Amino acid sequence: GENVEQHPSTLSVQEGDSAVIKCTYSDSASNYFPWYKQELGKRPQLIIDIRSNVGEKKDQRIAVTLNKTAKHFSLHITETQPEDSAVYFCAASAPGGGYNKLIFGAGTRLAVHP
Amino acid sequence: DAGITQSPRHKVTETGTPVTLRCHQTENHRYMYWYRQDPGHGLRLIHYSYGVKDTDKGEVSDGYSVSRSKTEDFLLTLESATSSQTSVYFCAISESRMPRGKETQYFGPGTRLLVL
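Protein sequences, first through last, are from chains A and B. In short: position in the first sequence from 1, add 1340, done, that's the numbering used here. In short: position in the second sequence from 1, add 36, done, that's the numbering used here.
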């Protein structure tokens, strides 16, 4: 089945710097890759997603890139702010059955220091 | 936030007792999911539903059962709770209508369960 690995597990940056989180997946048939942000004690919130027919997608300060050949995708946050501090999860769809299960990475704890 | 509620939000129970968690949605979405979240493991799928009375197992289904008798409600039952089931449980929903598609999942607020 699908397996998703996420790195790094923790990331500390200064306000204004960029942050990059990387994920690899194992099933070449996966075709949907969302990213979720989870603040302490809160629910995961979808922040951006990308499908396998697109190589890059941007939304203001966040962007996601996908390399299907290498089976990895990355989240890029530019001009980080303290409110970006949270745990970020990547996920990949698990094909088969038509019910679109998601397999999640273990998460990256991002700390943005003022 | 999507119209998803979970109850209870917090629960403490003893080993061996049955526990039922409820997920309720007002979005009329077809697909519903139960996850557990533990440190170092991200979110792991327990069970999911693709319609009323239609359910299937996820990657960590042992010790859990589910039921969906109405579109809006998805119940997760721990038949005999164990300490290893102490976790935060999240419900999620998704819909097949584009542009988002059925893969895009929205999460409920979560239930913190402690099994003593």
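Beta carbons are placed, not taken as given, at the ideal position from N, Cα and C, and that holds for glycine. Quick caveat, the model's predicted, so the values are computed rather than measured.
Identity of the residue in the options nearest residue i by Cα
i, options, result
"S116/B", "Q73/B, L152/B, Q61/B, Q42/B", "L152/B"
"E63/B", "Y142/B, G146/B, L150/B", "Y142/B"
"I1361/A", "D1367/A, S1352/A, A1369/A", "S1352/A"
"H60/B", "S120/B, M68/B, G99/B", "M68/B"
"T1330/A", "H1453/A, P1374/A, A1369/A, R1383/A", "Outside the shown range of chain A (1341 to 1454) lies residue 1330/A, about which nothing can therefore be said."
"E108/B", "E131/B, L79/B, Y100/B", "E131/B"
"T113/B", "S85/B, T122/B, G99/B", "G99/B"
"I1388/A", "F1413/A, K1382/A, P1454/A", "F1413/A"
"A128/B", "P75/B, L111/B, G52/B, S101/B", "L111/B"
"G1447/A", "H77/B, T91/B, R104/B", "H77/B"
"G39/B", "R1383/A, S1433/A, V1394/A, V1427/A", "R1383/A"
"Y1428/A", "E1342/A, S1349/A, G1341/A", "S1349/A"
"N1393/A", "L1406/A, D1424/A, R1449/A", "L1406/A"
"Q1378/A", "S1425/A, A1434/A, S1433/A", "S1425/A"
"T53/B", "R66/B, V102/B, T118/B", "T118/B"
"A1434/A", "V102/B, V55/B, E139/B", "E139/B"
"T1420/A", "L1386/A, D1357/A, Y1365/A", "D1357/A"
Chain B residues whose Cβ lies nearer than 8 Å to that of residue i
i, result
"D1384/A", "For the record, residue 1384/A in the displayed sequence is Pro; it is not Asp. What P1384/A touches in chain B: L79, F126, F143."
Proximal residues to residue i (C-beta, below 8 Å), its chain only, five neighbours per side dropped
i, result
"R45/B", "P145, G146, T147, R148"
"A1431/A", "V1344, F1373, P1374, W1375, Y1376, L1442, I1443, F1444, G1445"
Residues that residue i contacts on chain A, provided the C-beta gap is smaller than 7 Å
i, result
"G146/B", "R1383"
Where residue i meets chain A, residues with beta-carbon distance less than 8 Å
i, result
"G94/B", "K1441"
Chain A residues whose Cβ lies nearer than 9 Å to that of residue i
i, result
"G76/B", "S1349, A1446, G1447"
Sequence-distant residues of its chain with Cβ nearer than 7 Å to residue i (five each side left out)
i, result
"F126/B", "Y71, Q73, L79, F143, G144, G146"
"K106/B", "V88"
"K1397/A", "I1388, I1390, A1403, V1404"
"P1422/A", "E1355, V1452, P1454"
Where residue i meets chain B, residues with beta-carbon distance less than 7 Å
i, result
"D1389/A", "T140"
Close-in-space but distant-in-sequence residues of the same chain around residue i (CB under 6 Å, 5 per side omitted)
i, result
"V96/B", "R80, I82"
"R58/B", "S43, L111"
"H1347/A", "K1362"
"Q121/B", "L114, V151"
"E50/B", "L152"
"R1449/A", "T1350, V1427"
"S85/B", "M68, T91, R104, F110"
Contact residues within the region 1421-1435 of chain A, judged by C-beta distance below 7 Å to chain B: Against chain B - using a Cβ distance shorter than 7 Å - the residues of the region 1421-1435 of chain A are F1429, S1433.
The region 1364-1376 of chain A: positions lying closer than 9 Å to chain B by Cβ: Those residues of the region 1364-1376 of chain A that come within reach of chain B (Cβ to Cβ, closer than 9 Å) are N1371, Y1372, P1374, Y1376.
Complete alpha helix (DSSP H) runs within the region 46-80 of chain B (minimum length 4 residues, chain order): The DSSP assignment places no complete alpha helix (DSSP H) segment of no fewer than 4 residues inside the region 46-80 of chain B.
Runs of beta strand (DSSP E) lying entirely within the region 1351-1387 of chain A, each at least 3 residues, in chain order: Unbroken beta strand (DSSP E) stretches of 3 residues or longer found wholly inside the region 1351-1387 of chain A: 1359-1365, 1372-1378, given in chain order.
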